[in-house]
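A.B. asks: Protein chains in written order, with the numbering used here: chain A, 1 to 216; chain B, 1001 to 1295.
1. With distances taken Cα to Cα, identify the nearest neighbour of residue 170 (chain A) among A:28, A:140, A:187.
2. With a cut-off of 8 Å, do at least 3 Cβ pairs link the stretch 1033 to 1045 of chain B to the stretch 1072 to 1082 of chain B?
3. Among all the DSSP beta bridges, which residues are the ones paired with residue 1115 (chain B)?
4. Could you tell me which chain A residues have their CB closer than 8 Å to the CB of residue 1129 (chain B), listed as they occur along the chain?
5. Can you find a CB in chain A that lies within less than 8 Å of the CB of residue 1222 (chain B)?
6. Got a sec? Which residues, its chain only, sit under 7 Å from residue 1144 (chain B) by beta carbon, not counting five neighbours each side?
7. Which residues share a DSSP beta bridge with residue 171 (chain A)?
8. Roughly how far, in whole angstroms, is the beta-carbon of residue 1258 (chain B) from the beta-carbon of residue 1240 (chain B), given that I think they are within contact range, below 8 Å?
9. Which same chain residues end up closer than 7 Å to residue 1254 (chain B) when comparing Cβ atoms and leaving out the 5 residues on each side of it in sequence?
10. Tell me the residue span of the beta strand (DSSP E) that contains residue 1155 (chain B).
11. Return the chain-ordered list of same chain residues with a C-beta closer than 7 Å to the C-beta of residue 1153 (chain B), the five sequence neighbours on each side being excluded.
12. By DSSP's criteria, residue 212 (chain A) is part of a beta bridge. Which residues make up the other side?
13. Could you tell me the boundaries of the alpha helix (DSSP H) in which residue 77 (chain A) lies?
14. What is the C-beta distance between residue 219 (chain A) and residue 209 (chain A), in whole angstroms, given that I count them as a contact (C-beta under 8 Å)?
15. How about residue 1188 (chain B) and residue 1137 (chain B): do their beta carbons lie closer than 8 Å?
16. Would you check if the distance between the CB atom of residue 1237 (chain B) and the CB atom of residue 1224 (chain B) is smaller than 8 Å?
17. Leaving aside the five residues before and after residue 1079 (chain B) along the sequence, list all residues of the same chain whose C-beta is less than 6 Å from its C-beta, in chain order.
18. To the nearest angstrom, how far is it from the Cα of residue 94 (chain A) to the Cα of residue 1068 (chain B)?
19. How many Å lie between residue 1086 (chain B) and residue 1219 (chain B) at the Cα?
20. Quick one, which residues of the stretch 1103 to 1123 of chain B are near chain A if we go by CB-CB under 8 Å, in chain order?
21. Give, in chain order, every residue of the stretch 146 to 166 of chain A whose Cβ lies closer than 8 Å to some Cβ of chain B.
22. How would you write the range of the beta strand (DSSP E) that residue 1079 (chain B) sits in, first residue to last?
23. Mind listing the chain A neighbours of residue 1242 (chain B)? Cutoff is C-beta to C-beta under 9 Å, in chain order.
24. For residue 1206 (chain B), would you say it is in contact with chain A, using Cβ-to-Cβ distances shorter than 8 Å as the test?
25. Relative to the C-alpha of residue 1061 (chain B), which residue among B:1178, B:1051, B:1084, B:1094 is closest?
26. Does the beta carbon of residue 1081 (chain B) come closer than 8 Å to any beta carbon on chain A?
27. Run down chain A in chain order and give the residues with a C-beta less than 8 Å from the C-beta of residue 1125 (chain B).
28. For residue 157 (chain A) and residue 149 (chain A), which I take to be in contact (beta-carbon distance under 8 Å), what is that distance rounded to the nearest angstrom?
29. What in chain B is Cβ-close to residue 213 (chain A), meaning under 8 Å?
30. So if DSSP puts residue 202 (chain A) in a beta bridge, which residue, or which two residues, is it bridged to?
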């Protein structure tokens, strides 16, 4: 009986080219098979009249949710969480908003950076320019005090007093990139050119200022 | 699909509000023309009332011309401390103001005056040196503008002011405008820009300032331009000359050494330890050495 019903399916599916006549005769001779054939034919006709149905968008997901979940290890779930592909729904307003937030965040971060503590490791001036820490040294064992004056401090003689370390006077200056001229002042009266400067520039009064070029 | 749109609109509104908060405030007030420090220093000085009024007037005029108030304050307070008269202080300010009014860089003139006062240079010499530099800047302008108009690339920002200053300083060493014009054309022909011209002129001044004849100095610098010397190379060249001058070598020797060094493709190190030359952000640069007992 099972084989006979299979023959009906083959006939309806168009898979029984060589046996078509024999199967039709068999169906006509057997009332049970004939009823089965009529029912199936009616069903085929009904489906053909309905046309192709469109499943809802979430059909696959809803079917998959109803399927029994396979036993999955913790590592597998983690891997799927981390590396499983996702579909992100977006629109232009959301995208523009994200771009705007990124811009605002960047501006805020840059403003924060320009207000770094000037005593921090990499000092910055209020203008946002980074400073180089420049250490000047001057050997004058007999001097009672040594200061440095230059265009970086508008030639003030008392604002940058150097510190003595075993006869060597030193000072560390935070300087923005640029070209600076300076001289040492020994014992508040003697202006001395740094003998080990990179180069020199005349000061317009017959003396030589040391030149210091700072680049970052 | 409505939900993300609403959220997006809300985020956008928040972002615009944040942007408005972070925008810089406009319409900041301009600096006062006479600082409290100037008013106090002038008020306490022994100047007569008329002199005080004239001096304050000069400060205001300089400020209007574009001289920074803090520089005017340094000139006035430092000058009064050193006993410089009101008329001379007024001349310092007027020289600076004239430079500023012509759109020329005023910083070199201010620097020279402030420096002269600090070093105790007689006021008349400060006045003369300031005016000499101011005149040099005025004469430098058509030369630099002409080079730019003839196609010399302008280089980085600030290069023009630096070039004006260097050309003005070169004029103080009796280096002619035609010499500098020629150097500028050479720089342009070599495909270099204004900042490289400025560096070449600075070295030219340095060489002339150390006693090298103008034609020899020009020859050295022309060789340097041809070789495309960098800032560092020019610095080393100057260093070599400076050392040789200090050692009392003859000018012929110095000219030959400088010329040879300028013609080398890459100037070798001068053998000095690096302990005096370290620099960098967050690091340090050592400079300095054994002190002489100055002037």
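Positions of the beta carbon are idealized from the N, C-alpha and C atoms, including for glycine.
C.D. replies: Based on what the coordinates show:
1. Taking the first residue of the first chain as 1, we reach residue 170 (chain A) at position 170. Among A:28, A:140, A:187, the Cα nearest to that of residue 170 (chain A) belongs to A:140.
2. yes
3. On the second chain, position 115 is the one that residue 1115 (chain B) refers to. In DSSP, residue 1115 (chain B) forms no bridge with anything.
4. Position 129 of the second chain, counted from the first residue, corresponds to residue 1129 (chain B). 204, 205, listed in chain order.
5. One-based indexing of the second chain puts residue 1222 (chain B) at position 222. Answer no: the Cβ-Cβ gap between residue 1222 (chain B) and chain A never drops below 8 Å.
6. The residue given as residue 1144 (chain B) occupies position 144 in the second chain. The answer, listed in chain order, is 1160, 1163, 1164, 1167.
7. Taking the first chain and counting its residues from 1, the one referred to as residue 171 (chain A) is at position 171. A:136, per the DSSP bridge assignment.
8. For the purposes of this step, residue 1258 (chain B) is identified with residue 258 of the second chain, where counting begins at 1. For the purposes of this step, residue 1240 (chain B) is identified with residue 240 of the second chain, where counting begins at 1. About 7 Å; that satisfies the 8 Å criterion.
9. Locating residue 1254 (chain B) in the second chain gives position 254, counting from the first residue. Answer for residue 1254 (chain B): 1212, 1241, 1244, 1245, listed in chain order.
10. Working through the second chain from its first residue, we reach residue 1155 (chain B) at position 155. Element bounds for residue 1155 (chain B): n/a, residue is neither H nor E.
11. By 1-based counting over the second chain, the position of residue 1153 (chain B) is 153. Cβ within range, chain order: 1193, 1194.
12. Your numbering for residue 212 (chain A) matches position 212 in the first chain. A:180.
13. Position 77 of the first chain, counted from the start, is the residue given in the question as residue 77 (chain A). From DSSP, the alpha helix (DSSP H) with residue 77 (chain A) extends over 74 to 83.
14. For residue 219 (chain A) there is no data in the structure shown, the boundaries of chain A being 1 and 216.
15. Translated into positions along the second chain, residue 1188 (chain B) becomes position 188. Translated into positions along the second chain, residue 1137 (chain B) becomes position 137. No, these two residues do not count as a Cβ contact at 8 Å.
16. Counting from 1 along the second chain, the entry for residue 1237 (chain B) is found at position 237. Counting from 1 along the second chain, the entry for residue 1224 (chain B) is found at position 224. Judged by beta-carbon spacing, residue 1224 (chain B) lies within the 8 Å limit of residue 1237 (chain B), meaning their Cβ atoms are closer than that value.
17. Numbered from its first residue, the second chain carries residue 1079 (chain B) at position 79. Excluding residues within five positions, the ones whose Cβ falls inside 6 Å are 1089, 1117.
18. On the first chain, position 94 is the one that residue 94 (chain A) refers to. On the second chain, position 68 is the one that residue 1068 (chain B) refers to. If I take the Cα positions, the gap works out to 48 Å.
19. Counted from its first residue, the second chain places residue 1086 (chain B) at position 86. Counted from its first residue, the second chain places residue 1219 (chain B) at position 219. Computed Cα separation, rounded: 46 Å.
20. Answer in chain order: 1111, 1112, 1114, 1115, 1116, 1117, 1118, 1119, 1121.
21. 146, 149, 151, 154, 155, 156, 157
22. Sequence index remark: in the second chain, residue 1079 (chain B) carries index 79 (1-based). Note, residue 1079 (chain B): premise wrong, no beta strand (DSSP E); alpha helix (DSSP H) at 1069 to 1081.
23. Position 242 of the second chain, counting from 1, holds the residue named residue 1242 (chain B). Residues of chain A passing the Cβ test: 197, 199, 200, 208.
24. In the second chain, the residue the question calls residue 1206 (chain B) occupies position 206. By this cut-off, residue 1206 (chain B) is an interface position.
25. As a working note, residue 1061 (chain B) is residue 61 in the second chain. Here the closest residue by C-alpha is B:1094.
26. Numbered from 1 along the second chain, position 81 holds the residue referred to as residue 1081 (chain B). By this cut-off, residue 1081 (chain B) is not an interface position.
27. Counting from 1 along the second chain, the entry for residue 1125 (chain B) is found at position 125. Near residue 1125 (chain B) (Cβ distances below 8 Å), the residues of chain A are 205.
28. For this step, residue 157 (chain A) is matched to residue 157 along the first chain. For this step, residue 149 (chain A) is matched to residue 149 along the first chain. Indeed they touch by this definition, with Cβ atoms about 5 Å apart.
29. In the first chain, counting from the first residue as 1, residue 213 (chain A) sits at position 213. Those within 8 Å of residue 213 (chain A) in chain B are 1231, 1235.
30. Indexing the first chain from 1 puts residue 202 (chain A) at position 202. A:208, per the DSSP bridge assignment.
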